Amino acid sequence: MLPLQTQTAINCVIMTYLTIPIAANDIQQALLQIKKSSAAGAEMLELRVDYLEKLNVGLVEKLISIAQGHIPVVVTCRDKKQGGVFNYPLKLRVEVLVAAINAGVDFVDLEYDNFFVPEVRQEIKKALSNNKETKLILSAHNFKTKFADIKKLYREIKKAFPSAIPKLVYTANHVNDCFDAFDLLHNTRGERIVFCMGGAGLISRVVAKKLGSMVTFASIDEGTATAPGQLTVEEFKKLYRYDSINNKTALYGVIADPVAHSLSPHVHNACFAKAGLNEVYLPLLEQGGMDEFNRFFDNILARPWLRFKGFSVTIPHKENALVYVKRKKGFVEPLAEKIGAANTVLIKAGGKLAAYNTDYRSALDSVISAMGIKKTGLRDMPVAVIGAGGVSRAIVAGLSDAGAKITIYNRTVKRAENLAGEFGCEFAGLERLKNLHAKLVINCTSIGMHPKVNATPLPAEYLIKDMVVFDTVYNPIETLLLKQAKRAGTKTIDGVSMFVNQAAAQFKLFTGKNADANLMRRVICGHLTR
Ligand code: NAP
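The numbering used here numbers the first residue of the sequence shown as 166 and each following residue consecutively.
As structure tokens, this is what we get:
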């Protein structure tokens, strides 16, 4: 087998190594982590020897002899100023790196700042010139924010030691901060390591593979992460389809704040995988208001090479999405315009935008299929909608379009009155629910949602046998309202069916293909019942 450097040079395509840091205090712990990493599918090991207690050259040589095998090894003895664990003196850290070079490891990682200390530079260069198989990574980290000028820093590193692999890692405080990293990867060639830390930088760890960063780091499990925002190997491989990502992979994502608990990446990635599509769906933490949203979309549209094709949009950006697409003179689905919110945005050929709202359609589809009727069957049907927020608005728009006779009940009566006024409905306060005369009752409030699962918007005594009760809350799958409705003998519709229908409608818009709705439901229920 050819040495690593020769392979990458011949192929001219930089492989991204899914690298697991071995962050152990002693050899026994390290051995265990190495075994687990190999089993998890690590493609490279980073021996973070600054985690070792009682660090000495002999200990590092022992660790290297254990780790060296089928996958490349990088040895790092991080300076405390750049995230190192123990405050080992520079002299010892350099001795350790020299020993690693002499042991023939594939890579050693030295802080770029320390490369300017003349003795350090001299020692490392001397060791490298005697051991051609080891490559030097010169790294710079910014744990607080973006680098002032990442391109300049990259050029400086290459100038200081042309054969070095620059590693530039910084904290993204906003998803918009990731674009510096993407641009650098896009505009440079050869071996370099570039990505962002922090929750907002999470996507850069996945996109790093698409754009050819030589390394992206993963932890064995959540407990062993060595940097903020680091994903586990399982998340990389099972959730974000790591093994199938390449430079042609199209990107999708959910724009939300918060986004960490969104089930959409699980649902869409499972369906992309099932359909054999070269696409991956990411959680896009979009903090801030309209300005930040605009900047994000401007950034995306200015970089067609990222191949972002579509977005799910949720709280708090549905209105922003509609305004943005209108401003860019994109297509807006008429009912999305009427609702005043878009939950799906597509980027079509030539950067043309299109905005849709799949919320109302999904709710109508859930009702129609559960009641065994056509859309025309909703005409003149008496419907009680409880709640007057965003979901209620989408459902009321859809139902009024279908000709249903709607009464909106809400805690804040004024809000119900405003919504009713827009769509020509009746309205009332929640106390009027006791006089309910409706064929279909829809809960669009968050009452009954986890963790307050013992609450219901509609007391059991108001439930009548020939009603159909639909709860948009999907966590828990069977809310108290649905349990009591079942006991009263009514037909029930759960929030998961609406979730699945809206995700399936988005999938169709994204790909032109029908989603596997059963798979979507299994994925959602699998997560909700964990
Ligand atoms: P929203 O805009 O914040 O509206 C919340 C609504 O719930 C308002 O009408 C609010 O009344 C009412 N409410 C909240 N707490 C209440 C309480 N303690 N007592 C009485 N009324 C209360 O939220 P949204 O975006 O419409 O979402 C509502 C629910 O829909 C979510 O909680 C979620 O479970 C569900 N949902 C389901 C799906 C799905 O696919 N199945 C998708 C999205 C959302 P006031 O106007 O008086 O504040």
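Glycine included, each C-beta is placed from N, C-alpha and C at the ideal position.
A quick note: this is a predicted structure, and the numbers were derived from the prediction, not measured.
Straight-line Cα distance separating residue j from residue i
{"i": "Lys219", "j": "Lys474", "result": "51 Å"}
{"i": "Lys413", "j": "Gly388", "result": "33 Å"}
{"i": "Thr353", "j": "Gly377", "result": "10 Å"}
{"i": "Ser203", "j": "Arg406", "result": "18 Å"}
{"i": "Val510", "j": "Val240", "result": "44 Å"}
{"i": "Leu167", "j": "Met379", "result": "Confidence is the limiting factor: at Leu167 the pLDDT is only 36, short of 50, which leaves the residue's position unreliable, though a coordinate-based value still follows. In a straight line, the C-alpha of Leu167 is about 18 Å away from that of Met379."}
{"i": "Glu457", "j": "His339", "result": "9 Å"}
{"i": "Arg686", "j": "Val282", "result": "58 Å"}
{"i": "Glu444", "j": "Asn434", "result": "8 Å"}
{"i": "Val490", "j": "Phe476", "result": "12 Å"}
{"i": "Ile322", "j": "Ser531", "result": "58 Å"}
{"i": "Val550", "j": "Pro481", "result": "22 Å"}
{"i": "Arg576", "j": "Ala585", "result": "14 Å"}
{"i": "Phe672", "j": "Asp681", "result": "9 Å"}
{"i": "Phe462", "j": "Gly454", "result": "13 Å"}
{"i": "Glu276", "j": "Asp244", "result": "7 Å"}
{"i": "Lys391", "j": "Phe326", "result": "Before going on, a small fix: residue 391 reads as Thr here, not Lys. Whole-angstrom Cα-Cα distance: 27 Å."}
Nonlocal neighbours in the same chain, by C-beta distance under 6 Å from residue i, ignoring five residues either side
{"i": "Met180", "result": "none"}
{"i": "Tyr253", "result": "Leu220"}
{"i": "Leu169", "result": "Note on Leu169: pLDDT 43, under 50, position unreliable in the model; no value is reported."}
Contact test: residue i Cβ vs ligand 1 heavy atom, cutoff 6 Å
{"i": "Ile607", "result": "no"}
{"i": "Ile302", "result": "no"}
{"i": "Lys614", "result": "For the record, residue 614 in the displayed sequence is Met; it is not Lys. Yes, ligand 1 has a heavy atom inside 6 Å of this Cβ."}
{"i": "Gly554", "result": "yes"}
{"i": "Thr655", "result": "no"}
{"i": "Thr391", "result": "no"}
{"i": "Ser534", "result": "no"}
{"i": "Thr637", "result": "yes"}
{"i": "Asn522", "result": "no"}
{"i": "Thr336", "result": "no"}
{"i": "Asn583", "result": "no"}
{"i": "Arg576", "result": "yes"}
{"i": "Ser123", "result": "In this structure the chain extends from 166 to 695, so residue 123 is not present and cannot be described."}
{"i": "Met632", "result": "no"}
{"i": "Ser611", "result": "yes"}
{"i": "Gly660", "result": "yes"}
Below-7 Å beta-carbon distance, residue i vs any chain B residue
{"i": "Ala365", "result": "As a matter of chain content, chain B is missing from the structure shown, which is built from one protein chain."}
Own chain, CB closer than 7 Å to residue i, minus 5 neighbours either side, in chain order
{"i": "Gly691", "result": "none"}
{"i": "Tyr182", "result": "Glu208, Met209, Pro237, Met379, Val380"}
{"i": "Ser611", "result": "Val638"}
{"i": "Asp524", "result": "Asn508, Val556, Ala559, Gln667"}
Enclosing beta strand (DSSP E) for residue i [first to last residue]
{"i": "Asp271", "result": "Note, Asp271: premise wrong, no beta strand (DSSP E); not H, not E."}
{"i": "Leu179", "result": "In the sequence as displayed, the identity of residue 179 is Ile instead of Leu. Taken as a continuous stretch (DSSP letters only), Ile179 belongs to no beta strand (DSSP E), as it is neither H nor E."}
{"i": "Phe360", "result": "358 to 362"}
{"i": "Glu444", "result": "444 to 450"}
{"i": "Asp636", "result": "633 to 636"}
{"i": "Arg492", "result": "Segment 483 to 492 is the alpha helix (DSSP H) holding Arg492; no beta strand (DSSP E) there."}
{"i": "Tyr319", "result": "Note, Tyr319: premise wrong, no beta strand (DSSP E); alpha helix (DSSP H) at 315 to 325."}
{"i": "Val238", "result": "238 to 241"}
{"i": "Ala384", "result": "The question names Ala, but residue 384 is Ser in the sequence shown. Segment 380 to 384, the beta strand (DSSP E) holding Ser384."}
Cβ-based neighbour list, residue i, same chain, cut-off 8 Å, excluding 5 preceding and 5 following
{"i": "Asn176", "result": "Note on Asn176: pLDDT 43, under 50, position unreliable in the model; the coordinate value appears next. Taken in chain order, the list of residues that qualify is empty."}
{"i": "Lys332", "result": "Asp274, Ile302, Leu303, Ser304, Ala305, Arg357, Ile358, Val359, Val380"}
{"i": "His615", "result": "Asn640, Pro641"}
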